[in-house]
Amino acid sequence: MSVAVSPSPSGGSPSPSPSGSGPSPSPSPSANPTSFALTLPPGGATITQPPQTATSFFKIAPNALVTFGWNLTSVLGTPSSITFAAVCTENGNTYTIGSVDGKATNIVWDVFAYQQANPETPLAEAEYTLHMYDERGPSATIAAGLMSPNDQLQFALYTPQPYTPLASGWTCTGCSGALATRPQAATFALLVTLLVGVLSAVGVLRRRV
1 MSVAVSPSPS GGSPSPSPSG SGPSPSPSPS ANPTSFALTL PPGGATITQP PQTATSFFKI
61 APNALVTFGW NLTSVLGTPS SITFAAVCTE NGNTYTIGSV DGKATNIVWD VFAYQQANPE
121 TPLAEAEYTL HMYDERGPSA TIAAGLMSPN DQLQFALYTP QPYTPLASGW TCTGCSGALA
181 TRPQAATFAL LVTLLVGVLS AVGVLRRRV
């Protein structure tokens, strides 16, 4: 279960209880606690979208939105924010996707809009690793009750080829090559047939002589 309350005021130690008022109430955990009991497991994130069973391919095109979904597990200190970045395995560039509130469970990335807005660092047609981390950064130390950085999801981006109608001169290169080999194959078959016929005729004549 996630526990989140506002942080303690700066410079504020808890005020002592008035004498005779009984035991002090238990302190509430902060929204960004520095530590929890070491016996607790570290928190983490499980990616729910897209599936991690195979690499997902997303196209860089208008209205082609990419949604990443997740669930937090064993996280007791709700993050203030969660940041996402895509790291290209081909060129090593890091592309910041954005940040969301720590209670969010998905983020939508408009890859085409990103491409248009960042011409100096265009997205490559390649495979990427999704990096997900809280406000402590991508190199945060794994700690009990806090969300650990996640880099388990891989996906790929590609640019679809534009449609060219037949009237505009579209041709199928593979089809043309296949058609070009058909006359050659037919000629070869005809020659083989003639050769077999000639050899058969010669054999018949020899038997008669």
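UniProt numbering applies: residue 1 is where the sequence shown begins, and numbers increase by one. All C-beta atoms, glycine included, are put in the ideal place defined by N, C-alpha and C.
Inset, instruction - Using the Cα positions of N150 and Y163, report the straight-line distance between them to the nearest angstrom. - result: 38 Å
Inset, instruction - Determine the contact status of residue 230 and Y158, defining contact as a CB-CB distance below 8 Å. - result: This structure cannot speak to residue 230, because the chain is shown only from 1 to 209.
Inset, instruction - Jot down the residue ranges of each uninterrupted beta strand (DSSP E) in the UniProt domain "DUF7137" (40-173), minimum 3 residues, whole runs only, in chain order. - result: 44-49, 56-59, 65-73, 81-88, 94-101, 106-110, 127-134, 150-158
Inset, instruction - Determine the contact status of V87 and T129, defining contact as a CB-CB distance below 8 Å. - result: yes
Legend entry - Alpha-carbon to alpha-carbon, S99 and A156: 21 Å
Legend entry - Segment contact, 8 Å Cβ cut-off, at least three pairs: the segment 111-121 with the segment 137-145: no
Inset, instruction - Look at the alpha carbon of P42 and the alpha carbon of S168, and state the distance between them as a whole number of angstroms. - result: 60 Å
Inset, instruction - Report the three-state DSSP secondary structure of S35 (helix, strand or coil). - result: coil
Inset, instruction - Measure the Cβ-Cβ separation of N106 and F68 and say whether it is below 8 Å. - result: yes
Inset, instruction - Drop a sphere of 10 angstroms on the beta-carbon of F84, count the other beta-carbons inside from all chains shown, and report buried for 16 or more, exposed for fewer. - result: buried
Inset, instruction - Check each candidate in A54, T48, V192 and name the one with the smallest Cα separation from T73. - result: T48
Legend entry - Whole-angstrom C-beta distance between L76 and L40, which should lie under 8 Å: 7 Å
Legend entry - Nearest-angstrom beta carbon gap, L123 and Y95 [assumed within contact, 8 Å]: 6 Å
Inset, instruction - Would you check if the distance between the CB atom of S55 and the CB atom of N93 is smaller than 8 Å? - result: A quick correction: the sequence has Thr, not Ser, at residue 55. Not in contact: T55 and N93 (Cβ atoms no closer than 8 Å).
Legend entry - Residue nearest to F36 in terms of C-alpha spacing, selected from H131, L199, M147: M147
Inset, instruction - Rank W70, W109, R136 by C-alpha distance to the C-alpha of residue 254 and give the top, closest one. - result: Nothing about residue 254 can be reported from this structure: the residues present for the chain run from 1 to 209 only.
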